[in-house]
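Chemist: Position one of the sequence shown corresponds to residue 18 (the working numbering), numbered consecutively onward. From the three backbone atoms N, C-alpha and C, an ideal C-beta is built for every residue, glycine too. None of these values were measured; they are calculated from a predicted model.
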Amino acid sequence: MDSTFSWGTGRRKNALARVRLCPGSGELKINDRTVEEYFPRMVWQAQVMQSLKVAGLEGKVDVFVNASGGGLTGQAGAVRMGIARALIKMNPDLRPALKKEGLLTRDPRMVERKKFGQKGARGKRQFSKR
18 MDSTFSWGTG RRKNALARVR LCPGSGELKI NDRTVEEYFP RMVWQAQVMQ SLKVAGLEGK
78 VDVFVNASGG GLTGQAGAVR MGIARALIKM NPDLRPALKK EGLLTRDPRM VERKKFGQKG
138 ARGKRQFSKR
């Protein structure tokens, strides 16, 4: 393989996506499956395609993703960020447009930890006055 590939790593919640971009016919594979196969919901599919739409490169680059960890929502967000980062490595001029759409910002929201003596992060035992 030659060095025409651009790499980008995206993370969200516990999901990790390693993205590889190269100029091509618009092929998009996630873990060797199509987007429609891997992300059955339209919301997830739209999220994955958002970076390419903003850059105006739909159908012009081949995207190969290795996604792991977390759930499908987290993975979709991670893929979106990974594609955006790889696009910047490929063409730094796209940075302002992608940044304006918020595609380069890491989502800091994480699952709150369970506290001792409680059922969950915030769920407490029922209080009885009498």
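Quick one, are the C-beta atoms of A103 and S23 less than 8 Å apart?
Modeler: Numbered from its first residue, the sequence shown carries residue 103 at position 86. Numbered from its first residue, the sequence shown carries residue 23 at position 6. Contact flag set, yes.
Chemist: Note down the Cα distance separating K117 from L111, rounded to an integer number of angstroms.
Modeler: By one-based count along the sequence shown, residue 117 stands at place 100. By one-based count along the sequence shown, residue 111 stands at place 94. C-alpha separation (whole angstroms): 10 Å.
Chemist: How many angstroms separate the CA atom of R28 from the CA atom of L121?
Modeler: Position 11 of the sequence shown holds residue 28. Position 104 of the sequence shown holds residue 121. Near 11 Å, if we compare the C-alpha coordinates of L121 and R28.
Chemist: List in chain order: all unbroken alpha helix (DSSP H) runs of 4+ residues lying wholly within the segment 49-117.
Modeler: 52-55, 59-72, 89-107, 112-117, all fully within the segment 49-117.
Chemist: Within its chain, find whatever has a CB closer than 6 Å to the CB of K136; leave out the 5 residues flanking it on each side and keep chain order.
Modeler: Here residue 136 corresponds to residue number 119 of the sequence shown, with the count starting at 1. So no residue of the chain qualifies.
Chemist: Please classify F144 as buried or exposed, where buried requires at least 16 neighbouring CB atoms within 10 angstroms.
Modeler: Taking the sequence shown and counting its residues from 1, the one referred to as residue 144 is at position 127. Exposed.
Chemist: Tell me whether S68 is buried or exposed, calling it buried when 16 or more other Cβ atoms sit within 10 Å of its Cβ.
Modeler: Numbered from 1 along the sequence shown, position 51 holds the residue referred to as residue 68. With 16 or more other Cβ atoms within 10 Å, it is buried.
Chemist: Considering only C-alpha positions, which residue in the set P57, G88, M98, P40 is nearest to V128?
Modeler: Here residue 128 refers to the residue found at position 111 of the sequence shown. The candidate whose alpha carbon is nearest that of V128 is G88.
Chemist: Relative to the C-alpha of L33, which residue among G86, R58, I47, L45 is closest?
Modeler: On the sequence shown, residue 33 is found 16 positions in, with the first residue counted as 1. Looking at the Cα atoms, G86 is the closest of the given residues.
Chemist: Could you check if A138 is buried or exposed, using at least 16 other CB atoms within 10 Å of its CB as the buried criterion?
Modeler: Indexing the sequence shown from 1 puts residue 138 at position 121. Under this definition A138 is an exposed residue.
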